[in-house]
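In full-length UniProt numbering, the protein residues as written are 1 to 112. Heads up, the beta-carbon is just placed ideally off N, CA and C, and yes, glycines get one too. The structure presented is a predicted model; accordingly, all values stated were derived computationally and were not measured.
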DNA sequence: CGGTTTTGACCTGCGC
DNA sequence: GCGCAGGTCAAAACCG
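In structure tokens, the structure reads:
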């Protein structure tokens with residue numbers, strides 16, 4: 001890690017991600033980090049985008065779907081009804097985290 | 001020791 | 001057809 005500047009702190013979503021790249025997007029003038037789910041059967045990808053001068057404005061974009069249950073989500077949703085929906089549950093928690101920080105920037109990346 | 005992270009370079013797709 | 005942009009991969013270094 002750099003150990004020299006500021007470490008970006010992303011909202012904990014409950015999944016484990018491995019950073020595999022970072023680039024500056026000239027189109028929007030912001031930085032973008034690329035994360036991949038560490039699961040073997042999980043092809044889910046996560047992208048974090050934040051302003052070059054405003055690291056507080058974080059934009060997280062999830063791509064793909066998790067093929068495994070999220071560990072943290074499971075314990076976090078222990079209060080849920082006995083019926084677990086699996087995928088829908090995961091996104092439910094993520095939406096919670098996003099609405100807390102990235103509601104400023106309006107952008108919907110969802111897939112077609 | 002293992003695992004993870006970081007930077008650079010490379011590749012592809014699309015636009016004009 | 002070429003250029004640009006964005007995205008991904010690889011290797012190396014460092015930490016616990």
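Residues 35, 46 of the same chain have their beta carbon placed closer than 6 Å to that of residue 17, with the five preceding and five following residues left out of the count.
Judged by their CB atoms, residue 48 and residue 65 are not nearer to each other than the 8 Å cut-off. Boundaries of the beta strand (DSSP E) around residue 49: 45 to 51.
The alpha-carbon separation between residue 68 and residue 54 amounts to approximately 34 Å.
No Cβ-Cβ contact shorter than 8 Å links residue 21 with residue 52. Residue environment: residue 33 is assigned as buried (16 or more neighbouring CB atoms within 10 Å of its CB, all protein chains considered). Under DSSP, residue 20 forms no beta bridge with any residue. Cα atoms of residue 56 and residue 50: separation of roughly 7 Å, rounded to the nearest angstrom.
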